[in-house]
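Numbering of the sequence shown is given in our numbering, commencing with residue 732 and proceeding in unit increments.
Okay, structure first, notes after.
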Amino acid sequence: MILVLTLLYIVVLLLVLKLGWIKPTLFWKLSPLLWMVFLLFVLFFPLQFWAPAGYVRVLQPTVQIIPNVAGEVLEVKVKPNQWVNEGDVLYQIDPRPYQAVVNRLQADLELARIRYHQQLELLKKDAGRQVDVDRAEAKLKSVEAQLDGALYDLEQTTVRAPGDGYVTNVEALRPGARVIAVPFQQTMTFIDGRERVVAAQINQIYMRYIEPGQKAEVAFKIFPGRVFNATVEAIIPGTALGQVGPTGILPSAVEEVHAPRFVRLRLDDPEVANRLVAGDTGDVAIYSSRGKAAHVIRKVIIRNTAILNYIIPY
732 MILVLTLLYI
742 VVLLLVLKLG
752 WIKPTLFWKL
762 SPLLWMVFLL
772 FVLFFPLQFW
782 APAGYVRVLQ
792 PTVQIIPNVA
802 GEVLEVKVKP
812 NQWVNEGDVL
822 YQIDPRPYQA
832 VVNRLQADLE
842 LARIRYHQQL
852 ELLKKDAGRQ
862 VDVDRAEAKL
872 KSVEAQLDGA
882 LYDLEQTTVR
892 APGDGYVTNV
902 EALRPGARVI
912 AVPFQQTMTF
922 IDGRERVVAA
932 QINQIYMRYI
942 EPGQKAEVAF
952 KIFPGRVFNA
962 TVEAIIPGTA
972 LGQVGPTGIL
982 PSAVEEVHAP
992 RFVRLRLDDP
1002 EVANRLVAGD
1012 TGDVAIYSSR
1022 GKAAHVIRKV
1032 IIRNTAILNY
1042 IIPY
């Protein structure tokens, strides 16, 4: 923007010199440089604080699908990148081993009930002991608890979608494959289609005037030539560089990195938000409550960026 204004100034200056309105003195020869310095201090530097800009990235929550039980896959019900609704079956694990456990525990439960009632009848007839009744009752409750766990395991042989969204990384899962209930041994990835987060990265020194509720404009690479209205929804209170976990290790010196802060945006048009996918990128301009004149310049810049998205792929 400053370069454009400087070039415009040079054109006007040459025109004035040609018309003879001013003489080509040293001052006027150096005036384009002075004009550029003036613009830097009057427009560019305040612009960064009053209407800061940065990059945006679309994020979507993902769930690594890991079965709660181990076994052989009998059938895969979904295809790669297929839309699924909450509760839809993703794949089926062989339930027979777990059904056998349920059958055995159901038989044990029936026997435990019979023995409990037998001990209870003996106690009523003064032919038994209270301790035997207590043991039979404890055995009955133990078998009931084991059966509840077995029924849960049997139910988990049918792996279902945790929500509405897409499943990907399905290609490697085939009938006959053996899956295990171990962390980081996911069988596929679920991408939540109900929520999209538009996160803007703003340098720390330009964060001072940004507040929730302020207006913003976003130009996505996927939609060249278009600028979308948005609203600052929240300022993320922290970054990974400041995260401390209970490792038991004392802090050590690290390389100084001035990482940007993250600002969560909400697009005003929900239809546009629904068309975005995880990983989409773009540029953002946030308009603070100060320096309204600088907002006009930033609006021009963000629209120039949107047009350049037709030819600049990065």
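Every residue, glycine too, gets a C-beta built ideally from N, C-alpha and C.
Exposure of Thr756 is indicated by the presence of fewer than 16 other C-beta atoms within 10 angstroms of its C-beta. DSSP, read as helix, strand or coil, puts Arg1034 in helix.
Here Leu1007 has Val789 and Arg927 as same chain residues with Cβ atoms under 6 Å from its own Cβ, once five neighbours each way along the sequence are excluded. In the DSSP assignment, Met938 falls outside any beta strand (DSSP E), carrying neither H nor E.
Minimum Cα-Cα distance from Lys810 among the listed residues Asp863, Ile1033, Arg909 and Thr918 corresponds to Thr918. In this chain, the alpha helix (DSSP H) harbouring Trp766 covers Leu757 to Leu770. For Gln932, the beta-bridge partners assigned by DSSP are Tyr786 and Phe993. Within the region 791-865, the runs of beta strand (DSSP E) at least 3 residues long that lie entirely inside it are, in chain order, 793-796, 802-807, 813-815 and 820-824. In the structure shown, Val975 adopts coil according to DSSP, grouped into three states.
The C-alpha of Leu821 lies about 11 Å from the C-alpha of Pro798.
Per DSSP, reduced to three states, the secondary structure at Ile753 is coil, with no helix or strand assignment. Two segments are said to touch when three or more pairs of C-beta atoms, one from each, lie closer than 8 Å; by this definition the region 963-979 does not touch the region 909-918. Ranked by how close their Cα comes to the Cα of Pro1001, the residues Thr962, Pro968, Leu878 and Ile980 have Thr962 in first place.
Judged by DSSP secondary structure, Arg891 falls within the beta strand (DSSP E) whose first and last residues are Thr889 to Arg891. Between Trp814 and Gly896, the gap from beta carbon to beta carbon is short of 9 Å.
If you draw a straight line from the Cα of Leu736 to the Cα of Asp923, it is about 46 Å long.
Ile1017 is classed as buried because its beta carbon has at least 16 other beta carbons within 10 Å across all chains shown. Excluding sequence positions up to five before and after Leu854, its CB lies within less than 8 Å of the CB of Arg860, Gln861, Asp863 and Val864, all in the same chain and listed in chain order. Under the three-state reduction of DSSP output, Tyr1045 falls in the coil class, being neither helix nor strand. In this structure, Ala867 sits near Gln849, with a CB-CB distance shorter than 9 Å. Residue pairing by DSSP places Thr918 in no beta bridge whatsoever. Secondary-structure assignment with DSSP links Arg909 through a beta bridge to Glu803. Judged by beta-carbon spacing, Ala784 lies within the 9 Å limit of Ile933, meaning their Cβ atoms are closer than that value.
Under DSSP, Lys946 shares a beta bridge with Thr962 and Tyr1018. Burial check for Phe772: the Cβ neighbour count within 10 Å stays below 16, so the residue is exposed. In the three-state scheme derived from DSSP, where H, G and I count as helix and E and B as strand, Asp1011 is classed as coil. Here Leu745 carries a helix assignment [DSSP, helix/strand/coil].
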